[in-house]
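K.L.:
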Amino acid sequence: MSTLTMKERLRGFGISFEKSLEDLIKGIRATNSDHEKLASFFERSIQECKNELKSPDLEVKSIAILKLAYLEMYGFDMSWCAFSILEVMASPKFQHKRIGYLAANQILQRQNNDDALMLMTNLLNKDLTSIDYTEISLAIGGIAAVVTKDLAPIIVDDMAKLLTHTKPLIRKKAVLAMYKIFLKNPESLRIHYDRLIERLDDDDSSVVSATVNVLCELAYMNPSNYIDLAPKFYKIMKESNNNWMMIRILKLFSSLSLIEPRLKNKLLPEIKAFMVNTKALSLQYECINAILNGNMLSPDDIDTAKLIVSNLLVFFASGDQNLKYVGLLAFIKTCKINQDLIKKHDKIILSSIYDNDITVRETSLEIVNSLVNEHNIVPIITRLTVQLLPYNDQKEQLDKINKKVLAQNSGQDSDDDTDTYIIGATQQPIVVSQKYKYLLVSKIIEICSMNNYENIPSFRWYLGVMTDILKLNVDNKISKIDKMITDQFVDIALRVPSVRHTLVNICFSLCGILEYTGRELLQFKEGLGNCMWIIGEYYDSYLQGESDSDSDSEPDSDSDSFSALQKQELKDLKQSKLSISEIIDTISKQNILSKLEQLDSYDIITTYVGAIAKMYSKFTSTYACGGDLSVSQLEFVKNSCLGVIEILSQFETSSNFELQECALSYVEILKLVDNSLENVLDGIKNTETSSASLPTFLTEGYNQLFLSYPLMPVGASAQEKVKIPDGLDLNAAIDEQATFNFHNLYTNLKLEELSIDDVDLPQSDSLHGDYTENQEFSDIDTTRSLSTRHDDEIYYISATNYDHSDSSSIAPKKQAKKKSKKTKKFRKEAVLIVDDDDTPARQNSTTVKQNNLTADALNLADIDLKKSEEHYPVGDEYQVEEETRKKKEKAGVDGIKIEVPSVALSAARKKPKKKAKKNVAIIE
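Reading the sequence shown from the start, the letters are residues 1 to 924 in UniProt numbering.
1. What number of angstroms, rounded off, separates the C-alpha of ALA611 from the C-alpha of GLU537?
2. Who pairs with PRO231 in a beta bridge, going by DSSP?
3. Which residues mark the beginning and the end of the alpha helix (DSSP H) in which LEU503 is found?
4. Here's the rule: buried if 16 or more other CB atoms are within 10 angstroms of the residue's CB, otherwise exposed. What is LYS172?
5. Below 7 Å CB to CB, which residues in the same chain sit around LEU24 once its five sequence neighbours on both sides are set aside?
6. Measure the alpha-carbon distance for VAL831 versus LEU463 and round it to whole angstroms.
7. Quick one: grab the DSSP three-state call for residue 990.
8. If ALA174 sits next to LEU162, beta carbons under 8 Å apart, how far is it from one beta carbon to the other, in whole angstroms?
9. Just to confirm, is the Cβ distance from ILE513 to THR622 under 7 Å?
10. Please report the residue range of the alpha helix (DSSP H) in which PRO168 lies.
11. With DSSP run on the structure shown, which of helix, strand or coil describes MET712?
12. Once DSSP output is grouped into helix, strand and coil, what is the label at LEU599?
13. Is GLU36 buried or exposed, if buried means 16 or more other CB atoms sit within 10 Å of its CB?
14. Going along the chain, which residues of its own chain have a beta-carbon closer than 6 Å to the beta-carbon of LYS19, five neighbours each way excluded?
15. With DSSP as the reference, label SER55 as helix, strand or coil.
16. Taking the C-alpha atoms as reference points, what is the distance between ARG248 and GLU187?
17. Pick helix, strand or coil for LEU629, following the three-state DSSP scheme.
18. By a C-beta neighbour count over all protein chains shown, 10 Å radius and 16 as the cutoff for buried, is LYS577 buried or exposed?
19. By DSSP, does SER691 sit in helix, in strand, or in coil?
20. Skipping 5 residues on each side, what residues in its chain have a beta carbon closer than 6 Å to that of LEU176?
21. Which residue comes first and which comes last in the alpha helix (DSSP H) that contains MET89?
22. Give me the Cα-Cα distance between PRO555 and LEU707, rounded to the nearest whole angstrom.
23. Under 8 Å by Cβ, that's how I've got LEU196 and MET178 pegged, so tell me the actual separation to the nearest angstrom.
24. If we ignore side chains and look at the alpha-carbon of each, how far apart do ASP34 and PHE41 end up?
25. Rounded C-beta distance between ILE430 and ASN356? I'm assuming under 8 Å.
26. Going straight from the alpha carbon of ASP228 to that of ALA219, what length do you get?
27. Could you work out which residue in ASN51, ASP115 and ALA90 is closest to SER79 when comparing CA atoms only?
28. Quick one: which unbroken alpha helix (DSSP H) runs of 4-plus residues sit fully inside the segment 102 to 131? Chain order, please.
29. Is the distance from the Cβ of VAL386 to the Cβ of ILE380 below 7 Å?
30. What are the uninterrupted segments assigned as alpha helix (DSSP H) that are 4 or more residues long and contained completely in the segment 611 to 661, given in chain order?
31. Alpha carbons only, please: which of ARG495, GLU520, ILE580 and GLU526 is nearest the one belonging to ILE535?
32. Helix, strand or coil: how does DSSP classify residue 957 here?
33. With a threshold of 8 Å on Cβ separation, who are the neighbours of LEU472 within its own chain once the five nearest residues in sequence on each side are excluded?
34. Is the distance from the Cβ of TYR542 to the Cβ of VAL504 below 7 Å?
35. Let me know if GLU752 comes out buried or exposed under the rule of 16 or more other beta-carbons within 10 Å of its beta-carbon.
36. Pop quiz: LYS232 and LEU200 are said to be a contact at Cβ under 8 Å. What is the actual Cβ separation, rounded to whole angstroms?
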């Protein structure tokens, strides 16, 4: 007796000499600690499986396939065993067939093998027509997993026949598998749509549930195809006791109500009844979601909004983080529709800001700005800023706040009213990520800059908050925060003249002119450019403004009016004010410009160059505001000019063209200024006078480059206001012939530079001759766009412009909004805030919600089930049918009536096609 025959006989008694799946798993676990042994064991196991696949015994092959399917989950490529899988699938024994389908679903799906899938077609057709419903069930599951674009049209007819199978299990699985086929072959949906809809009237509830599930997924893509099914869905929803089916129907109705708003009148009372009667939180949430996503909640529907919020409070009270998260999402949507509910339930959002779940915290940040007003902005911003602190410092600050909260909750009087607007549960410190800290800073800036800073009680307080965030960022090291904060500094400097001197002081510190070392400056590289721009632009406000020791009284909005004593102080250059010479000397000692040049940060260096040139101009204009200067003062001005020339001249030969041009231009002008100052000093010596005024070239020439036109803020979207003249195409060339001539000239120069003589160039009849003749711009009124601007203003587009859509026209003397009700501790300053130009509100385009199940679902959106491919009658037959169609009345099901649509005529009528009317559901 041969060894093979003996093994086959013993196998019938349960004795097997091959390793089973259990043995394989035990071997993997035994060698799991040693990677080399594990890799060797995998190799041996795969080789053993290959040998077992050569056996003619299907029992051995099926066990080998089962082990290979397990090993495939470790990342091994098992596509080589595809044909062996087909052999096991073709076995008449159900257990073997089951293993084959399992391996096919796993291996052939992830490691697509087109040849094996094509060979599997006949096997699938055979199993689908089997008399054994268990084999049919296996085949349907396999098709749903491995169906392809080529396989779908071949198998769809056999699958559609199973929709009427006697077994409910087969009908249910066939309905679900049809969805996978529709994804791969969308045209089959049009053919088998009626068969699918018939399953809504199936006797088995599981089949109906599966059909509703499929139609719900299809309705996401194109809801208009299924609007005429509203009566059926409404009837199922009324009669069903299955929460899962009702959830799917509610999702479907939320899609349909966007197409047919009249569904709201019938659906909303029923959905509200479900919310009241059911105890299932999942169904309650889907009822709320259907109302919100289906646009069934209007701003004036207070009762529905209160019902939604009362149900959501149960979600927040539960300890389940998932319920808290979805409840917060629904709460935010509700509050955005009914704004009055936000302030009534502000504790929910404020307590969510300190939730341990990061998703809950991030979500609550989206709506916290709706809670803010001028009374509570300080405590809310304080709560948000505390999260940026290190854990220990955060705990210390929260302990102080929690004591006040506990005292208020117990009815005791607190000695501080800063937290009266956020009474609630005590908060504990949390560890937050860098990403969340970035979102937190963005939200703080958004809250404070809303509606042109209307809620800010004191800009010195706000600047202190921004400065504290910058100091914390030295340790946090969050990218882009420095740029974000200094952009806000620029915006405030443009809009609030009374705090410009304070801002310049802050920027002096940030730029290392007062405190920071060179190493810290490089860490602050992202914010250096904005800070230096502020220093250069508003250096005169720094010289004319209050000193650091002055009181925090309300500043005078007129920054150009100064007393004689102030002018005398400016002449004497008080020690609290840094002169241009001191600033230049500090920058030179820092050696920051050379370090930035090594890092190729030429844009920052260019800003430094422009700022230094502007500072000299503003210094001299403010320094000489009292009249004539003495010889010593003139010499000081001249020496300062030489210092500026010295620091700028090092960039005259820079490799960066813009920096080189900027530095060279200023140096040449300043040399002329130095010559004019030298002439004034020579004139004093010759005339033996004690004083003289600054030269005209400096006061009316160089200084007017920076003082003639005040900068005004402009919204980031202000360019949208510009109207393009009728008939003007901005994409078209102004002069096509000149453009062609320029390209020819450029090509010639380029080839000459490369010394290429053997290239055929495109010939032109006139390379230069027509250029002058075609420079007419008579059709374009170049002054039209400038007529709307003031002649004495320059406009600066702010990088951080939040929510200025309601701002009025630019008016430098326009006062801020009237003072609001004062609180005990924070008195809002009366300051001038310059508004933007009126900017048109951006309209966000609505996007269709896409199914994330698979990208192929996008193809279903193009299928219009209203188009019919039937052959319509012509002549007299058509006339009779057309008259009959017009006489049809509206049919009704359970109080929901559907208008009978007019059918689009086909080409067989030999008449122009008419646009088909949409099916609409009318609710009585």
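Here a beta-carbon is modelled for each residue, glycine too, at the ideal position from N, C-alpha and C.
P.N.:
To lay it out plainly:
1. 7 Å
2. Looking at the DSSP assignment, PRO231 forms no beta bridge with any residue, so it has no partner.
3. 500 to 510
4. buried
5. SER45, LYS67 and TYR70
6. 15 Å
7. Nothing can be reported for residue 990, as the shown portion of the chain is limited to 1 through 924.
8. 4 Å
9. no
10. 168 to 184
11. strand
12. coil
13. exposed
14. none
15. coil
16. 25 Å
17. strand
18. buried
19. strand
20. ALA210
21. 82 to 89
22. Because PRO555 sits at a pLDDT of 36, beneath the cut-off of 50, its placement in the model cannot be relied upon, and the following sentence gives the value as read from the coordinates. Their Cα atoms are separated by approximately 22 Å.
23. 6 Å
24. 11 Å
25. 6 Å
26. 12 Å
27. ASP115
28. 114 to 128
29. no
30. 631 to 649
31. ILE580
32. Here the chain comprises residues numbered 1 to 924, so residue 957 is not present and cannot be evaluated.
33. LEU388 and LEU389
34. yes
35. exposed
36. 5 Å
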